[in-house]
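Below is one structure, written out as structure tokens; the observations come after it.
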Amino acid sequence: MELMDKLEILADAAKYDAACTSSGLDKKSARARLGSSMMAGCCHTFSADGRCVTLLKVLLTNCCVYDCQYCVNRRSNDTRRAAFTPEELAELTIQFFRRNYIEGLFLSSAVVRNPDYTTELMIRALTLLRETYGFRGYIHAKAIPGADPLLTWRLGLLADRLSVNIELPSAQSLGLLAPDKKKDAILKPMALIRDGSAESRRSIRQLPAKQALHFAPAGQSTQMIIGATPENDRHILNLTQNLYQKYKLKRVFYSAYMPVSTSSLLPAPEGFKPPLLREHRLYQADWLLRFYGFDASELLDEEHPNFDPNLDPKCCWALGHMEFFPVEVNRADYEMLLRVPGIGMTSARRILTARRTCTLDYAALKKLGVVLKRAQYFITCGGRMTDGLRVKQDGVLRHLVALERPKLLAYEPEQLSLFDGGDAV
Amino acid sequence: MKDWTQVSYTYDGSFAGFLTCMDESFRHFEEPLAFQSPEDNRTSLYPERVIATDQSRAKRFYRGIRETVSKQAQTLVSHAFLTCMPERECAIWQFLQFARTIGPGVTYWITDDRVNRLNKAVQHLYTEAHLLKGFTRFSDARGLLWSEISPKNRVLPLLRPHFCQRFHDETFFIYDSTHHEALLYSDGKWGIRPVEQIEFPKDDAQEADYQRLWQKFYDTIAIEGRYNPKLRMSHVPKRYWEHMTELKGELEREKRGRTDTELALLAE
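Line by line, the protein sequences are chains V and L.
Residues in the first sequence are numbered from 1 upward in steps of one, following the numbering used here.
Residues in the second sequence are numbered from 1001 upward in steps of one, following the numbering used here.
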């Protein structure tokens, strides 16, 4: 089989994995022959669906012994199968990297024969890259659930980031749709990676460079499929928070379910629209958990188990807690500024810096690049709101929803279709 | 308060030359209202002064910024000089003038116009440099990697540490076609040199193969059900497309498509 065909098949089989980041690690070594990585990560291009492409994301093979219903590579699916040899994959990665097409490699694989054998194949490909080619670029490897912990450990020594996909947001859904995968088999390697990665970061800090242990120094991530099973947003967000706290994950990715199967256990493919807006709201909430000091229980509760499609989670929270507002921009602390809809981390930091030298008014905020269209309802400058702004709660709601509407159009491109009865979100 | 004489400076366009101008200005209380390069034929309304670049004066002045103002101010000045802001030299002079009155904390005065202007321009430079760390595409001509970019700002000094680190054992050059400069790197040594004319090597069969493989990967990785060209456009502005292997074709198709529709319209 031609390399071109292999690349097509194995990139196509890997594309439903949402994770494509190269962040979390600054690697600059004078001894490195080829490659480095940067803390913030780096996008090399964006595909036609607007997603960042930073790594060469492929499967080592798509020949799978499992039969997970939601997956394109399930054994019962009639699709073309292919496999890279470790040599082909290493050469391709190096050549793409030299041309600056990519930041590194994202290596995943279907389970061929058994998890141990699959992991060994991956280790061979990565060893070749790291040792023979002296490649120091970013490598993200998928740990295969059920593989021997020692093999997962060896994989982690070669990769910068490891991930284990949690796949579905609850054990029941997993049992129903992926009978070959067990919740326990997923959580065990997660715990292993967490401990190994923490140990590694400590040794990098404390030991001389040569003795330091490099086990997945950029931590681990996971992903789950949204919209294939009946869990609500609250359940998903609580799960996310647990993963961040208990398993020290760097990222949790959400992937809107794409109808790739006709299984009766999944939504019928005809007329199914992937829940892209829901995915977007979950990501917004995810950011609030990681950077804005929010707790999952503040964003959703039993009465409101799902996000409002018309309004972003931060606005929703603010409207439900008007007792905290308005916030005086000249006195509020960083944490409180972050809670104002429309003020992000950059704006909050700039406000703090600017306050050292002068009292802020609305003109000054504009100069700092603070966008007032949402924030104006929730702040005062020197005790005054924007001139001519009178606020009643339902009025604010109407304004905010109106601001959001043009953005929502992007999620429903076929609004006027005659045959489309159901509501997408 | 001393009166500042209004002048126009003519210098060679280099950073050292600019710093010499600054030294001259603050030494003789001259307020530069225009800067020109020797090739400019514009006549100025203000008395013209030709400043010869003096490396040691430039160095001393540059060090002086760090010592009397701050490290941040020094970085801001040197990076602002690389930006494409109109009248950037005058803007930097105004900042330095302001820095003389404020002292070390000047970079915290981000609501002041003199600081804000430089910050905005430098932010633009940083964004562009960051994007180009990803969007620059190299071609391999028998071991030599070469690349062409056309940025608005002079990003090469900012790209240099990144690429020299990354391609430590390679030989490469990046040609900036806007400012006619090239970053050259080989055997751990680098240089940024003005380049008047350049002839790029031709792609051989192997190079063309890898470009096709990359194109195939790029086309495959997009999920049809999520097709969203607007989102892509906001992440990769069109002006970068012409030098990007995977998007070049699309840009050409689009241009052809447009001329076809224009022709059709004309025919009607």
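Just so you know, even glycine gets a beta-carbon here, dropped at the ideal spot from N, CA and C.
These figures come from a predicted structure and were not determined experimentally.
- Between V/A143 and V/L89, the C-beta gap is not smaller than 8 Å, which leaves the two residues out of contact.
- Of the candidates V/G369, V/E131, V/A363, V/A363 places its Cα closest to the Cα of V/T386.
- Judged by DSSP in its simplified three-state form, L/P1161 adopts helix.
- Those residues of the region 85–115 of chain V placed with their C-beta closer than 8 Å to a C-beta in chain L are L92, Q95, F96, R98, R99, N100, Y101, E103, ordered along the chain.
- Neighbours of V/D12 in chain L, taken as residues at a C-beta separation under 9 Å, are given in chain order as T1220, I1221.
- In the structure shown, L/P1194 falls within a strand segment according to DSSP collapsed to helix, strand and coil.
- Counting along the chain, the unbroken alpha helix (DSSP H) around V/R205 starts and ends at 183–206.
- Between the C-alpha atoms of L/D1204 and L/R1137 there is a straight-line separation of about 16 Å.
- Across the structure, V/R75 and V/V112 are spaced so that their CA atoms are roughly 10 Å apart.
- Annotated as proximal: V/E328 and V/T380, with beta-carbon spacing under 8 Å.
- When C-beta distances to chain L are compared with 8 Å, the residues of the region 347–365 of chain V below that value are R350, T353, A354, R356, T357, C358, L360, A364, in chain order.
- Using beta-carbon distances, L/V1069 does not count as an interface residue toward chain V, since no partner is under 8 Å.
- Assigned with DSSP and collapsed to three states, L/H1124 falls in helix.
- Contacts with chain L at 8 Å (Cβ-Cβ) include V/E8.
- Inclusion of L/T1220 and V/E8 in the CB contact set at 8 Å is warranted, their separation being smaller than that value.
- Just measuring C-alpha positions, the residue of V/F253, V/R33, V/V65 sitting nearest V/A19 is V/F253.
- For V/Q223, the pairing in a beta bridge is given by DSSP as V/F253.
- For V/Q172, the uninterrupted alpha helix (DSSP H) run begins and ends at 171–177, by DSSP.
- Counting only runs of 4+ residues, the alpha helix (DSSP H) found wholly inside the region 318–406 of chain V occupies 334–338, 345–355, 362–368, 372–375, in chain order.
- When the beta-carbon positions are compared, V/G342 and V/A375 come within less than 8 Å of each other.
- Judged by beta-carbon spacing, V/G196 lies within the 8 Å limit of V/W153, meaning their Cβ atoms are closer than that value.
- For the region 1125–1140 of chain L, the residues whose beta carbon sits under 9 Å from a beta carbon of chain V are, in order, H1130, L1131, K1133, G1134, F1135, T1136, R1137, F1138, S1139, D1140.
- In the three-state scheme derived from DSSP, where H, G and I count as helix and E and B as strand, L/H1028 is classed as helix.
- With respect to the 8 Å criterion, V/L277 and V/P230 are not classified as neighbours on the basis of their beta carbons.
- By a beta-carbon distance limit of 8 Å, V/L155 contacts V/L162. Their separation comes to about 7 Å.
- Excluding its 5 nearest sequence neighbours in each direction, V/A13 has C-beta neighbours in its own chain below 7 Å: L59, N62, V72, N73, listed in chain order.
- Taking one beta carbon from each stretch, the region 1108–1124 of chain L and the region 1071–1091 of chain L have 3 or more pairs nearer than 8 Å; the two touch.
- For L/R1160, there are no neighbours in chain V by C-beta distance under 8 Å, as the nearest C-beta there is about 13 Å away.
- Taking 8 Å as the cut-off between beta carbons, the residues of the region 1244–1257 of chain L near chain V are M1244, T1245, E1246, L1247, in sequence order.
- Between the C-alpha atoms of L/Y1227 and L/Q1215 there is a straight-line separation of about 17 Å.
- Runs of alpha helix (DSSP H) with 4 or more residues, each lying fully within the region 283–314 of chain V, are found at 296–299, listed in chain order.
- Residue V/R98 holds the alpha-carbon nearest to the alpha-carbon of L/E1207 among V/G175, V/L213, V/L105, V/R98.
- Of L/L1159, L/R1114, L/G1249, the smallest CA-CA separation from L/W1190 is found for L/L1159.
- By a beta-carbon distance limit of 8 Å, V/T127 contacts V/L158. Their separation comes to about 6 Å.
- Under the three-pair Cβ rule at 8 Å, the region 1125–1144 of chain L does not count as touching the region 1092–1107 of chain L.
- Inter-segment contact for the region 230–239 of chain V and the region 198–205 of chain V is absent: fewer than three beta-carbon pairs are separated by less than 8 Å.
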